[in-house]
Amino acid sequence: MLFRGRPAPTYAQRKELQRRNEELELQRELACQAREQAANERFATEAATRKTKDAWREEAFQQEAEKQREAEEQLRIQSRLEQEQEAQKLLQLEVKRKANIEERERKWQAKQVRSVKELKEQKIQKDKLFKERKAKEIERKAAEARARKLEADPKEAVDRALEERRQVGYERVEASHRQVEQDFYAQIVEYKTQKAQQEERLKKLRQQTSRSIATRRAAGHAAEAETKAKQAILDEKREKAIREKEKKAALRELDRWKALCAEQKLEEVLERARQDQPAPKPISEAERRKPLLEAKRREAIKKVEMGEAQSFADYNQKVATTRQEELAKADKERREAILHATTSLEEQARKEYEEWMAGMELEERQTQREESIRHRESAREQLQRREDHQRRLDREMRREEAGAQRSQSAAQADAERRAEAAERAEREAQRAVLDARRAEAIQAREREWEHSGLEWAREMKGEPEEEEEEW
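Offset between the sequence shown (1-based) and our numbering: plus 9.
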């Protein structure tokens, strides 16, 4: 009997073919189950990988947000410190301004007091001159009265006049000495006052210099603190870059480990699928002899149906070869699909991470640019304020130096005037002494003249000596 141009298979061949078909069907089902399980595990692995990457990304976002908050907090702290420094500088300027105002008020009050003292001294001097003129007038009138009373006694009048003139000369000399002594003590007091004022001015200049030095030192400390803050920011950025590199390396290691895990899990799944095949049932004696009988029978039939058997074996071999090729091709396609899916996921994750890193770097550069602009503007403003403050200090120092020079020149002029007054007083004292000597010489000459006149009168009248003695 022929089957499609070939001899029809025997019962044993049909049974063997049915058994092989069942085995192939079972292998196909097991392969399908293994593919489904591998796909499920791949999906689970991809989900775990996605969750891990999301967790890493979320952690990176949180760390970046934390760093940004810390940077903002540092900026706030730095701005608060700058505001406190500005407030301290303004307070120092306000204190200095108040001190300058108080110093001006004190100088104005001292000037007013000095002017009042000068007015009082002028008034006292005028009263003294008036009293002296009055005393001289009274003395002159008294002298005239005494002269009128003593006209009858010329000798006593001459003696008294000489005594009075001598006493007046002594008093004038003593007054000139007292005036010179008073002027000398006044010069000493004035010199001590000027010295005290000069020491006060020097003390204030030293205080101002120390304050300016302290201000410059504080500015230097502020600049140093700003440099340290910039260095700390740079160090933090460097550490951030190092952490990012370490994170990238860790992500690459994690992806490689996950790929290895996926391959290992796939191999394990295939091995389990191969191991999960149903174990052969125990064979009985009849079944054990059955293959022998079947073999003998097959050999018997083989001689008769050699051609059919050979063709059937070739057909079965061809079918098995084709099936194996299909299975190998399916396995290869599955592996390529897994590799392509893993590679595409890796590429997508890498692209997302690179895009996120590029965005973060762009934001960081923008933030750095804005911070550098703010720092430059604040530094420019601080430099402008420092220059304005230094110019104000220079103007005030020049003004104070000019005031000191004016006061020094005024004191010099006052000392010169006092020296001229002392010289005039000395010349007047010398003139008074000369006047006294001249008066004494005149009185001596007058006495000689009077004596010679009396002797001449006696000689002319011839009066006795008793009358002369009475006279």
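Just so it is clear, CB atoms sit at the ideal spot from N, CA and C, and this is done for glycine as well.
Residue i classed as buried or exposed, judged by whether at least 16 other C-beta atoms fall within 10 angstroms
i      : result
Ala43  : buried
Ser124 : exposed
Lys62  : buried
Thr236 : exposed
Ser353 : exposed
Ala47  : buried
Ser219 : exposed
Ser381 : exposed
Ser418 : exposed
Ser185 : buried
Thr58  : buried
C-alpha distance - residue i paired with residue j, whole-angstrom precision
i      : j      : result
Gln27  : Ala53  : 38 Å
Arg433 : Glu425 : 12 Å
Ser387 : Ala69  : 33 Å
Asp444 : Met406 : 56 Å
Ala17  : Arg23  : 10 Å
Gln131 : Phe193 : 19 Å
Leu84  : Arg395 : 22 Å
Tyr362 : Ile86  : 33 Å
Thr331 : Arg344 : 20 Å
Arg181 : Arg115 : 42 Å
Gly178 : Ala448 : 10 Å
Glu435 : Arg404 : 46 Å
Arg187 : Ala195 : 12 Å
Ala488 : Glu253 : A query on residue 488 cannot be resolved here, the shown segment of the chain reaching from 10 to 480 and no further.
Glu82  : Glu373 : 16 Å
Ala80  : Lys105 : 37 Å
Ala428 : Ala441 : 20 Å
Gln217 : Leu211 : 10 Å
Gln452 : Trp458 : 9 Å
Phe12  : Gln357 : For Phe12, the predicted structure reports a pLDDT of 47, less than 50, and the residue's modelled location is therefore unreliable. A value from the coordinates is still provided. C-alpha separation (whole angstroms): 58 Å.
Gln333 : Glu45  : 20 Å
Gln439 : Ala430 : 14 Å
Arg66  : His349 : 24 Å
Arg389 : Trp117 : 39 Å
Leu138 : Ala144 : 10 Å
Ile147 : Glu208 : 50 Å
Leu90  : Gln97  : 10 Å
Ile110 : Glu103 : 10 Å
Gln391 : Thr202 : 42 Å
Gly368 : Lys360 : 12 Å
Arg155 : Arg456 : 19 Å
Glu34  : Leu336 : 13 Å
Beta carbon proximity, residue i to chain E, threshold 8 Å
i      : result
Glu432 : Within the model displayed, chain E is absent; a lone protein chain is all it includes.
Sequence-distant residues of the same chain with beta carbon closer than 8 Å to residue i, five excluded per side
i      : result
Gln206 : Ser416
Leu214 : Met406 and Glu409
Lys249 : Lys76
Gln101 : Arg220 and Thr224
Cβ neighbours of residue i in the same chain (closer than 6 Å, five flanking residues each side left out)
i     : result
Arg1  : Residue 1 is absent from the model: the chain starts at 10 and stops at 480.
Glu32 : none
Beta-carbon contacts of residue i that lie in its chain and below 7 Å, excluding the five residues immediately before and after
i      : result
Arg307 : Ala21
Complete alpha helix (DSSP H) runs within the region 28-98 (minimum length 4 residues, chain order): Uninterrupted alpha helix (DSSP H) stretches at least 4 residues long and entirely within the region 28-98 do not occur.
Which runs of the alpha helix (DSSP H), 4 residues or longer, sit entirely within the region 422-467? none
Which parts of the region 100-125 are runs of the beta strand (DSSP E), unbroken and 3 residues or longer, counting only runs that do not cross its ends? Fully enclosed beta strand (DSSP E) runs of 3 or longer: not present.
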